[in-house]
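Enquirer: Quick one: structure below, then a few questions.
Number of protein chains: 2
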Amino acid sequence: MFMAAISSHPLEEIFHPRSIAVVGASKNEQGTGWVGRLLSFGYKGRIYPVNPNAKKVNGLKAFPNIKNVPEKIDYAILNIPAHLTPQALLDCAAKGVKFVHCFTAGFSETGTSKAKQLEARLAKIAGDRDIRLLGPNCMGIYCPASRMTFDADFPKKTGPVAFVSQSGTEAMRLVFLARDTDVYFSKVISYGNAINLDAPDFLEYLADDKDTKVVACYIEGSRQLARLTAAVKKCLRKKPVIVLKGGLTGNGTGAVAFHTASPVGSKTSWDNFFKQTGAIPANTMGEVADIIQTLLRLNPPKGRRVALVGRGGGIGVIAADICERAGLEIPSFSNATRKRLGQIISEAGVSTRNPVETMAGMNGAADFYLRGLPVVDKDTETDIILVQIAIDIYGGRHTDLTPEVKDAAYALCAVADSLKKPLAVALFTGGHPKATGEALIIRKILTKAGIPVYSGVESASRAIGKVITFYKTGSCN
Amino acid sequence: MFMAAISSHPLEEIFHPRSIAVVGASKNEQGTGWVGRLLSFGYKGRIYPVNPNAKKVNGLKAFPNIKNVPEKIDYAILNIPAHLTPQALLDCAAKGVKFVHCFTAGFSETGTSKAKQLEARLAKIAGDRDIRLLGPNCMGIYCPASRMTFDADFPKKTGPVAFVSQSGTEAMRLVFLARDTDVYFSKVISYGNAINLDAPDFLEYLADDKDTKVVACYIEGSRQLARLTAAVKKCLRKKPVIVLKGGLTGNGTGAVAFHTASPVGSKTSWDNFFKQTGAIPANTMGEVADIIQTLLRLNPPKGRRVALVGRGGGIGVIAADICERAGLEIPSFSNATRKRLGQIISEAGVSTRNPVETMAGMNGAADFYLRGLPVVDKDTETDIILVQIAIDIYGGRHTDLTPEVKDAAYALCAVADSLKKPLAVALFTGGHPKATGEALIIRKILTKAGIPVYSGVESASRAIGKVITFYKTGSCN
């Protein structure tokens, strides 16, 4: 576990501290505070609660001041009122702490000049004393390998994705969204007001981080846009970078002022950022999760031509429109493909063109996956297979569809390995509790088999369209 | 039940036939065919199965030909091979049947000239013999009041929405999507290739239908675009009309050819249609369902200025951007509002501006709904309240959140009635099975109380933005 800390990058240690002090550890935190969270998540380093009014916190000996801790402290979390943070930071400096995470909020984001002055003081102390300060007003670090976390319910499993997020709740949102499609993280950083450590610091580090294959960012603004641009470019030479810029509109800009008070920058400057870097732009956290799945699971398609597979003529028409709006094409299959599909599907009124319809019900779908998908795979006119499963229509009926749903999912998995074309699944759930449950079963089976699953054609085509554009223009392949 | 049939409109009877013949009733249909469906849905008129090789179908006496049925037939369903349909239609004419639904597919949508000729023959017979023909290649009629249906699992409850759909699966999709938000239908018509009865016929009827308050359409094309435009205009003078046009893109146009083979029309002609009529345009069936909920449940807002309420600074920033893209505004609250909100929320780093953050957890949210929403309601700078519930972040934890989730939903319901501003809820679920279950509980409680619930800020703002535009420019209020 501590091997990685030997890495030469100066930020490596922030993810693998051998000891953490929690300054302002709450006497009665009962497992939900910072100490309890680290304990229950299994952090293996030493934890030192600091609280002048406590002898013990969560069973651990507490110290009146960080300076009283007899051992070396690699990382300190400040969980104290804002006005006490400058002195605490000075104490950390005196103790030789290199990394400090200031969880405490109530600085420039409040809009008061007093709070802004306090923040400036904090920034100056950190700069003068050579402390790398994370925050203030942020959740800090989640690194499953070292069992650091800001949420005890985060997965302990590591994965190939890093997330650099100016927002703590957005970090939580992405970790949970990803977990539910079986995608995990190497490092997640919630960095808040960014008065010392900022997004470029982490991007420069992640460019060379061997545990990270995909980088996602949620950025509200940066005091160092030129440096950020360079850092994203550096990263993109090695791995894909997705950027959700919060505050691109007038509304959003106003909201940022009272969240992290970041300099949001003009829309033009961010348009330039995306143009210059080639980072993949996203508008919602759901889209970020979809793009991550696409990058990790969809083999790079040879082109934008999609074979749409799924029951329902109207569903096919609407899906074709949606795909075109996302920059994808739905050409007609070759005559050879249509002829072969016609031999499989004998039902009147069912298209063998593109979109091609599966036979009726989940059983009909399963049958088509086994016999029809190999035919679609050989079609010369298309590059990607997108299977629509309309679980909203077939699921949630009075009969129990679960066995059929499982059969269809396993049929898809069985055939997936033999397909040469990239395969994606759009699983539209609707809102019925039973259909929703059945959709979750399918999704679990498919994602375990490494097939990307989206909540509908809209989200699938949007993510796939953006990733294809990235592969065509991006700098990392 | 048959009172409505007295109405003067010539199409009234198609929704309230006193007897239905199923031509081609399957001997072994075992409850899943047309006869079984009508029986299990509780159709109260007389059903006459027609099958030369059966004595009984589903317990009902079968007749060799519709002409042998001793009683008057109001409505016939053709469920026989395509090449037999012209003779069957002639038989229906001989029997004096006024309304025939041709479920059978395999006509112009196959693309063969033989099938096109067959379709033309069918159209000519219907025209010559004064039969109103529905289809071919369609699912027909769902009218809960008369217990006609094409799906035995549709709700038996009636409601204020009519849906005129060229696609049967899209009709199923919308009925189920609506049901899951407690919205029901007066009439649903799946009309397929539209060689005789077409969308304008139904829209002209629905304009004066007292049971219908909102009309939605899924249209792939029309041979009578001018008449359709006039019919939609007529309807819009009385009630809102939502139109999802399938095949607006090159991809979609191709797909239509093999679905209903409708003349799709150019993008310009449909742009003109929307401009001339003022119908509300939608791109997906989910959006249609969202717009319906908005029209039925959101009191018409005075303007586009939204008060965003919900936990998470980054979530608020992203939501503000999304709202702006949907044509909504997120102005800062008045100073008076901010001052009052500041007395309620004392937590550092939590915004009282707009978006305003609720306190931590579902309990914090419930508390804010009761004490904070009345303050937001009085704010002079905003017109609508949109509450975000990030169940993805709070739900699905190891503790059981259900009681807290219910408390929060009931708190929202308790305060909703006293609010002067329209109230909407964006309930983002994520993908965790437990969080999803918890979200469904909240949704049920809120929709039962008449509060519109959307699957996220993206879908909420899109639907609300379109409905506000409609109220400002539409012709029906």
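Residue numbers (numbering that gives the first Met the number 0), protein chains in the order written: chain W, 0 to 476; chain Z, 0 to 476.
No residue lacks a Cβ here, since even glycine has one placed at the ideal position from N, Cα and C.
With a threshold of 9 Å between beta carbons, is V255 of chain Z in contact with chain W?
Expert: In the second sequence, the residue the question calls residue 255 of chain Z occupies position 256. Yes, contact with chain W.
Enquirer: Threshold first: 3 residues or longer. Then list the beta strand (DSSP E) segments lying entirely within the region 297–373 of chain W, N to C.
Expert: As far as the region 297–373 of chain W is concerned, its whole beta strand (DSSP E) runs of at least 3 residues are 305–308.
Enquirer: Going by DSSP, what residue range makes up the alpha helix (DSSP H) through T468 of chain W?
Expert: Here residue 468 of chain W corresponds to residue number 469 of the first sequence, with the count starting at 1. Taken as a continuous stretch (DSSP letters only), the alpha helix (DSSP H) holding T468 of chain W covers 456–472.
Enquirer: Out of W:A92, W:C101, W:E70, state which residue places its alpha-carbon closest to the alpha-carbon of T84 of chain W.
Expert: Counting from one through the first sequence, the residue named residue 84 of chain W turns up at place 85. Among W:A92, W:C101, W:E70, the Cα nearest to that of T84 of chain W is on W:C101.
Enquirer: Closer than 9 Å by beta-carbon distance: list the chain Z residues that pair up with T479 of chain W, in chain order.
Expert: What is shown of chain W runs 0 to 476, which leaves residue 479 of chain W out entirely.
Enquirer: Counting only C-beta atoms, is P262 of chain W closer than 9 Å to chain Z at any point?
Expert: Translated into positions along the first sequence, residue 262 of chain W becomes position 263. Output row for P262 of chain W: interface = no.
Enquirer: So, using beta-carbon positions, are A104 of chain Z and G191 of chain Z closer together than 9 Å?
Expert: Counting from one through the second sequence, the residue named residue 104 of chain Z turns up at place 105. Counting from one through the second sequence, the residue named residue 191 of chain Z turns up at place 192. In contact: A104 of chain Z and G191 of chain Z (Cβ atoms closer than 9 Å).
Enquirer: Of the residues Z:P451, Z:V49, Z:E118, Z:S261, which one's Cα is nearest the Cα of Y217 of chain Z?
Expert: Sequence index remark: in the second sequence, residue 217 of chain Z carries index 218 (1-based). Considering only alpha carbons, the answer is Z:S261.
Enquirer: On a Cα-Cα basis, can you pick out the residue from W:A87, W:P48, W:G44 that is closest to W33 of chain W?
Expert: Residue mapping note: residue 33 of chain W aligns to position 34 of the first sequence, counting from 1. Taking only the C-alpha atoms, the option nearest W33 of chain W is W:P48.
Enquirer: Take every Cβ of the region 341–361 of chain Z, pair it with every Cβ of the region 197–216 of chain W, and state whether three or more of those distances are shorter than 8 Å.
Expert: Not touching, per the Cβ criterion.
Enquirer: When the distance is taken between beta carbons, is G394 of chain Z closer than 9 Å to G313 of chain W?
Expert: Against the first sequence, residue 313 of chain W aligns to sequence position 314. Against the second sequence, residue 394 of chain Z aligns to sequence position 395. No; because the gap between Cβ atoms is not below 9 Å, this pair is not in contact.
Enquirer: Going by DSSP in three states, R482 of chain Z sits in which element: helix, strand or coil?
Expert: The question about residue 482 of chain Z has no answer, for chain Z in this structure spans 0 to 476.
Enquirer: In whole angstroms, what is the alpha-carbon distance linking A438 of chain Z and T293 of chain Z?
Expert: On the second sequence, position 439 is the one that residue 438 of chain Z refers to. On the second sequence, position 294 is the one that residue 293 of chain Z refers to. Going by the C-alpha atoms only, they are around 19 Å apart.
Enquirer: Tell me which residues of the region 179–208 of chain W have at least one Cβ-Cβ distance to chain Z shorter than 8 Å, keeping chain order.
Expert: For the region 179–208 of chain W, which is checked against every Cβ of chain Z, the residues closer than 8 Å are D179, T180.
Enquirer: Taking the beta carbon of T398 of chain Z as the centre, do at least 16 other beta carbons fall within 10 Å, making it buried, or is it exposed?
Expert: Locating residue 398 of chain Z in the second sequence gives position 399, counting from the first residue. With fewer than 16 other Cβ atoms within 10 Å, it is exposed.
Enquirer: Which class does G158 of chain W belong to by DSSP, given the choice of helix, strand or coil?
Expert: Locating residue 158 of chain W in the first sequence gives position 159, counting from the first residue. In the structure shown, G158 of chain W sits in a strand (DSSP, three-state: E or B).
Enquirer: Just how far apart, CA to CA, sit L196 of chain Z and Y453 of chain W?
Expert: Stepping through the second sequence from its first residue, residue 196 of chain Z is reached at position 197. Stepping through the first sequence from its first residue, residue 453 of chain W is reached at position 454. Each residue's Cα considered, the two are about 38 Å apart.
Enquirer: In angstroms with no decimal places, state the Cα-to-Cα distance between T336 of chain Z and V375 of chain Z.
Expert: Along the second sequence, one-based indexing puts residue 336 of chain Z at 337. Along the second sequence, one-based indexing puts residue 375 of chain Z at 376. Computed Cα separation, rounded: 7 Å.
Enquirer: How far does the beta strand (DSSP E) with P85 of chain W in it reach, from first residue to last?
Expert: Within the first sequence, residue 85 of chain W is the residue found at index 86, counting from 1. Counting along the chain, P85 of chain W falls outside any beta strand (DSSP E), though it belongs to the alpha helix (DSSP H) covering 84–94.
Enquirer: Whole angstroms is fine: what's the gap from T111 of chain Z's alpha carbon to A119 of chain Z's?
Expert: For the purposes of this step, residue 111 of chain Z is identified with residue 112 of the second sequence, where counting begins at 1. For the purposes of this step, residue 119 of chain Z is identified with residue 120 of the second sequence, where counting begins at 1. So the two alpha carbons sit approximately 13 Å from each other.
Enquirer: On the DSSP letters alone, give me the boundaries of the beta strand (DSSP E) that A423 of chain Z sits inside.
Expert: Locating residue 423 of chain Z in the second sequence gives position 424, counting from the first residue. A423 of chain Z -> beta strand (DSSP E) spans 422–427.
Enquirer: If the criterion is Cβ atoms closer than 9 Å, does the pair L176 of chain W and G315 of chain Z meet it?
Expert: Numbered from its first residue, the first sequence carries residue 176 of chain W at position 177. Numbered from its first residue, the second sequence carries residue 315 of chain Z at position 316. Not a contact, by the Cβ cut-off of 9 Å.
Enquirer: Starting from S460 of chain Z, find everything on chain W with Cβ-Cβ shorter than 9 Å and list it in chain order.
Expert: Stepping through the second sequence from its first residue, residue 460 of chain Z is reached at position 461. Within 9 Å Cβ-Cβ: nothing; S460 of chain Z doesn't reach chain W, min ~10 Å.
Enquirer: At which residues does the alpha helix (DSSP H) containing A206 of chain Z begin and terminate?
Expert: Counting from 1 along the second sequence, the entry for residue 206 of chain Z is found at position 207. Segment 198–206, the alpha helix (DSSP H) holding A206 of chain Z.
Enquirer: Using the Cα positions of T267 of chain W and A53 of chain W, report the straight-line distance between them to the nearest angstrom.
Expert: Along the first sequence, one-based indexing puts residue 267 of chain W at 268. Along the first sequence, one-based indexing puts residue 53 of chain W at 54. Those two C-alpha atoms are separated by around 53 Å.
Enquirer: Whose C-alpha, out of Z:F201, Z:A254, Z:L121, is nearest the C-alpha of K233 of chain Z?
Expert: As a working mapping, residue 233 of chain Z is identified with position 234 in the second sequence. If we check each option's Cα against that of K233 of chain Z, Z:F201 comes out closest.
Enquirer: Once you ignore the five residues that flank K419 of chain Z on each side, which residues in its own chain have a CB closer than 7 Å to its CB?
Expert: Translated into the one-based positions of the second sequence, residue 419 of chain Z becomes position 420. Result list for K419 of chain Z: D376, in chain order.
Enquirer: State the Cα-Cα distance for the pair S417 of chain W and F184 of chain W, rounded to the nearest angstrom.
Expert: In the first sequence, the residue the question calls residue 417 of chain W occupies position 418. In the first sequence, the residue the question calls residue 184 of chain W occupies position 185. So the two alpha carbons sit approximately 29 Å from each other.
Enquirer: List, in order along the chain, the chain Z residues whose C-beta lies closer than 8 Å to that of N334 of chain W?
Expert: To locate residue 334 of chain W, count along the first sequence from 1; it is residue 335. Ordered by position in chain Z, no residue passes the 8 Å Cβ test against N334 of chain W, which lies about 12 Å from the chain.
Enquirer: Run through chain Z and tell me which residues come within less than 7 Å of Y141 of chain W, C-beta to C-beta.
Expert: The residue you call residue 141 of chain W lines up with position 142 of the first sequence. Those within 7 Å of Y141 of chain W in chain Z number zero; the least Cβ separation is about 14 Å.
Enquirer: Taking 8 Å as the cut-off, does the region 303–312 of chain W touch the region 6–26 of chain Z (at least 3 CB pairs, one atom from each stretch)?
Expert: With a cut-off of 8 Å, the region 303–312 of chain W and the region 6–26 of chain Z do not count as touching, because too few Cβ pairs lie within range.
Enquirer: Is the Cβ of F272 of chain W closer than 9 Å to any Cβ of chain Z?
Expert: As a working mapping, residue 272 of chain W is identified with position 273 in the first sequence. With 9 Å as the cut-off, F272 of chain W does not count as an interface residue toward chain Z.
Enquirer: Once DSSP output is grouped into helix, strand and coil, what is the label at V174 of chain Z?
Expert: Your numbering for residue 174 of chain Z matches position 175 in the second sequence. Helix.
Enquirer: How should N67 of chain W be labelled, buried or exposed, when 16 other C-beta atoms within 10 angstroms of its C-beta is the threshold for buried?
Expert: The sequence position of residue 67 of chain W within the first sequence is 68, counting from 1. N67 of chain W comes out exposed.
Enquirer: Comparing C-alpha positions only, which one of Z:K26, Z:P51, Z:S25, Z:L59 sits nearest to L38 of chain Z?
Expert: Here residue 38 of chain Z corresponds to residue number 39 of the second sequence, with the count starting at 1. The shortest Cα separation from L38 of chain Z among Z:K26, Z:P51, Z:S25, Z:L59 belongs to Z:L59.
Enquirer: I'd like to know whether the C-beta of T259 of chain W is nearer than 9 Å to at least one C-beta of chain Z.
Expert: Within the first sequence, numbered from 1, the residue matching residue 259 of chain W stands at position 260. Chain Z contact via Cβ: present.
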